[in-house]
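Residue numbers (my numbering): 1 to 117. Inspection log for the structure reproduced underneath, given as structure tokens.
Now the structure itself:
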């Protein structure tokens with residue numbers, strides 16, 4: 001499966017070495033991952049996804065929003081709207097700190113993306 005690391009890396013004008021340093025792994029590991037000849041540990045995939053502000057499934061080259069048919073895009077839009085409604089309701093009544101809320105929301109969204117991807 002072709003991943004999107006090379007595309008994301010080039011959009012930010014980064015070298016393979018820059019990404020390797022970010023993850024504290026070898027340049028060769030990044031090169032092999034970009035070619036689809038190696039996988040990365042889940043924690044490194046998550047670091048990359050966070051850095052590039054994308055989901056892990058997107059980074060791994062799984063289905064992209066632009067690849068969806070119009071019905072799929074509508075379904076995604078509806079789902080995002082429902083998730084936003086739930087998040088807004090939770091924030092109104094939550095006793096968690098702002099940082100705890102952010103972490104909880106991020107985890108919920110990542111879980112939803114992985115489930116529906």
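No residue lacks a Cβ here, since even glycine has one placed at the ideal position from N, Cα and C. None of the values given here were measured: they were computed from a predicted structure.
Contact test: residue i Cβ vs the ligand HEM heavy atom, cutoff 6 Å
| i | result |
| --- | --- |
| residue 62 | You won't find the ligand HEM in this model; it holds no ligand whatsoever. |
Secondary structure of residue i, DSSP reduced to three states
| i | result |
| --- | --- |
| residue 54 | coil |
| residue 38 | coil |
| residue 109 | helix |
| residue 14 | coil |
| residue 98 | helix |
C-beta contact flag for residue i and residue j at 7 Å
| i | j | result |
| --- | --- | --- |
| residue 47 | residue 75 | no |
| residue 103 | residue 61 | no |
| residue 31 | residue 42 | no |
Residue span of the alpha helix (DSSP H) that contains residue i, given as start and end
| i | result |
| --- | --- |
| residue 11 | 5-11 |
| residue 60 | Premise fails: residue 60 is in no alpha helix (DSSP H) and is neither H nor E. |
| residue 25 | Neither: residue 25 is in no alpha helix (DSSP H) and is coded neither H nor E. |
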